[in-house]
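Numbering of the sequence shown is given in the working numbering, commencing with residue 2 and proceeding in unit increments. Even for Gly, the Cβ is constructed at its ideal location relative to N, Cα and C.
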Amino acid sequence: MDPEVAVAIVSTIALAFSFFSLWKAVLAPFDLEVSYDSPTLSIYRIAPEVSRGTKVWWIPSIDIDITFYNLGRKMGKVLDLRFIGTLDSDGVKKRYVFYAKWIVNFHELQRDRADRMGWISSSVQQEWYPLILSGENMRTVHVVLEGLRWDRKLTGTLDLEMQIYSTKHDEWVVLERFQHQLVEPMYEETSSFILPSKLLERSRSGSIVEWDPD
């Protein structure tokens with residue numbers, strides 16, 4: 002091979018590696034990864050003596066521990082988080098939306114979970130706000146998501162779709178889907194239910210491959 006050609010090839014490869022290193026160190030765009038535990042659905046019974054009204058109604062609430070990690074080098078934002086609920090009751094489907102409302106202290110929420118006003122007073126750190134993630138940075142928060150109150154006992158299959166909105170995609174992106182069966186007895190007092198992760202169940206029920214150290 003002509004020495005000049007060889008030098009040109011080596012120089013081109015070195016330049017390519019230099020550009021890649023620069024891109025990796027400085028120019029890599031916002032790249033969001035998300036990790037979370039199983040969400041908890043709570044249904045709070047609001048009696049007339051509490052609401053100062055004449056009827057009983059219920060507030061559905063979802064809380065989840067979630068970690069956001071920016072794999073890139075450029076800053077990005079987690080703008081919003083929500084659950085889209087679809088309730089199939091007697092063949093009729095209705096839509097219920099739960100938006101991020103508060104960032105809370107999980108331990109105090111868990112301690113006072115049965116007392117809605119109690120945990121709002123003790124555990125709420127601040128209202129939800131867009132989270133800024135600098136390059137290769139992470140943030141873990143416990144989020145409470147709520148929507149409109151329920152004026153009657155809703156029954157049937159509740160399908161929940163967990164979605165996130167960030168500057169990575171600039172649109173709502175589905176993270177996972179959950180499901181829970183709503184029945185009348187759960188409305189008699191405050192009830193909480195952990196919604197199992199289908200992704201985790203699928204990984205635990207999958208086939209086992211022997212690890213080869215070589």
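The three-state secondary structure of H108, taken from DSSP, is helix.
By alpha-carbon distance to I63, the top candidate from L149, E190 and R153 is L149.
The shortest C-alpha to C-alpha distance from E109 to any of Q126, R96 and L33 is the one to Q126. If the five residues before and after L134 are omitted, its C-beta is found closer than 8 Å to the C-beta atoms of F31, L33, F69, Y70, N71, M76, G77, K78, V79 and R140, all from its own chain and listed in chain order. L183 places its beta carbon less than 8 Å from that of T156. In the three-state reduction of the DSSP assignment, S124 falls in the helix class, which pools H, G and I.
Under DSSP, K94 shares a beta bridge with D89. When DSSP states are grouped into helix, strand and coil, E50 belongs to the helix group. Annotated three-state conformation of M118 is helix, per DSSP. Residue K102 holds the alpha-carbon nearest to the alpha-carbon of D81 among D89, D66 and K102. For N71, the pairing in a beta bridge is given by DSSP as L33.
Of the other Cβ atoms in all chains shown, 16 or more fall within 10 Å of the Cβ of V145; this residue is therefore buried. Secondary structure at L196: coil, using DSSP grouped into helix, strand and coil. Contact between I85 and Q164 holds, since their C-beta atoms are separated by about 6 Å, short of 8 Å.
8 Å or more divides the Cβ of S39 from the Cβ of S192.
Taking the Cα positions, I47 is about 15 Å away from P186.
Excluding the 5 residues flanking it on each side, Y97 has same chain C-beta neighbours closer than 7 Å at G86, L88 and G148, in chain order.
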